[in-house]
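Step one of this worksheet: look at the structure below.
Number of protein chains: 2
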Amino acid sequence: MTLERPTPREMLDVALAEAVTGAGEGGIPIGAALFVDGELLGSGHNRRVQLDSPIHHGETDCLMSAGRHPASVYARATMVTTLSPCDMCTGAILLYKIPHVVIGENTTFLGGEELLRSRGVTVTVLDDARCIDMMTAFIAAKPELWHEDISV
Amino acid sequence: MTLERPTPREMLDVALAEAVTGAGEGGIPIGAALFVDGELLGSGHNRRVQLDSPIHHGETDCLMSAGRHPASVYARATMVTTLSPCDMCTGAILLYKIPHVVIGENTTFLGGEELLRSRGVTVTVLDDARCIDMMTAFIAAKPELWHEDISV
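Chains A and B, in that order, are what the protein sequence lines are. Using the UniProt record's numbering, read the first sequence as starting at 1 and increasing by one per residue. Using the UniProt record's numbering, read the second sequence as starting at 1 and increasing by one per residue.
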């Protein structure tokens with residue numbers, strides 16, 4: 001039996017659940033999940049507030065959660081994130097040569113998508129209303145925290 | 001009294017001491033230090049092995065050690081690293097808009113220096129023999145660990 005691979009929207013649901021968990025912890029509501037061959041390898045969420053950490057964004061926290069892997073594993077991976085990846089997370093995707101990135105939305109923040117594409121990464125933007133609404137509400141509620149997270 | 005600011009080589013000494021600490025822990029010998037207005041704000045080293053973490057490179061571990069800061073602090077910062085920064089650490093420097101990067105060496109590995117310069121970052125490469133020798137010996141001793149760290 002061959003199991004069907006999850007759709008981009010189904011993978012996004014995992015990242016979105018992470019973002020909701022982060023919000024419940026008083027954190028910045030951005031989540032990510034890493035799939036390899038259709039299987040979930042790890043997931044995570046922004047933990048700037050929770051860990052007092054400027055390096056635990058959704059994607060990097062997800063990579064840490066997924067653990068150490070050789071390049072051959074990342075070569076079959078898809079990174080799914082609720083928000084367009086910032087420069088740091090763009091760089092993490094490039095470092096590990098993850099070939100496909102699925103993005104919930106890039107309306108509230110546009111990250112390094114052009115750089116990703118220029119380096120051969122396939123970028124899929126879902127324009128997910130749940131992700132847009134969540135970030136819009138967060139930015140309105142805590143603009144200073146959001147500005148700290150993207151250093152503006 | 002105005003204290004003199006440390007020279008690039010003196011700042012590199014702090015990053016190099018971190019790299020040596022990392023080597024002593026059985027880790028990958030890359031270290032970094034963050035200076036603001038000539039004062040040390042934090043330092044760190046690659047902890048892939050120590051934390052089983054793919055996101056704790058020298059520069060990112062240093063940023064985590066330095067803690068959370070607004071953009072106005074990073075705007076006065078210099079990131080010092082023993083080795084040319086990988087794509088992830090390049091992205092972290094860009095995210096936080098750190099205007100100056102001092103690099104021990106880029107002989108054993110050349111990272112995102114061109115991207116940094118294209119985004120307005122001043123990049124100073126010291127061609128430090130101690131850094132070159134340390135990385136050369138490490139890569140010869142543990143090539144698989146090094147390849148994992150740069151995902152090749």
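Beta carbons: idealized from backbone N, C-alpha and C, even for Gly.
- Between A:Glu-18 and A:Gly-31 the beta-carbon gap is near 3 Å, inside 8 Å, which marks them as a contact.
- For B:Ala-71, at least one C-beta of chain A is nearer than 8 Å to its own C-beta.
- Taking all protein chains in view, the Cβ of B:Ser-72 is surrounded by fewer than 16 other Cβ atoms within 10 Å, so the residue is classified as exposed.
- Scanning A:Gly-111, A:Glu-105, A:Leu-41, A:Met-64 for the CA closest to the CA of A:Asp-149 turns up A:Gly-111.
- By the neighbour-count definition (other C-beta atoms within 10 Å, threshold 16), B:His-56 is a buried residue.
- Against chain B, the CB of A:Pro-54 has a partner CB under 8 Å away; the residue lies at that interface.
- When DSSP states are grouped into helix, strand and coil, B:His-147 belongs to the helix group.
- For A:Arg-48, the closest C-alpha among the options B:Gly-44, B:Ser-65, B:Leu-41 is that of B:Ser-65.
- Residues of chain B with a Cβ closer than 7 Å to the Cβ of A:Cys-86 are, in chain order, Leu-95.
- Listed along the chain, the chain B residues whose CB falls inside 7 Å of the CB of A:Glu-148 are Arg-68, Pro-70.
- Here A:Ile-103 carries a strand assignment [DSSP, helix/strand/coil].
- At a cut-off of 8 Å, the C-beta of A:Gly-91 has a neighbouring C-beta in chain B.
- By a beta-carbon distance limit of 8 Å, A:Ala-92 contacts B:Met-88. Their separation comes to about 4 Å.
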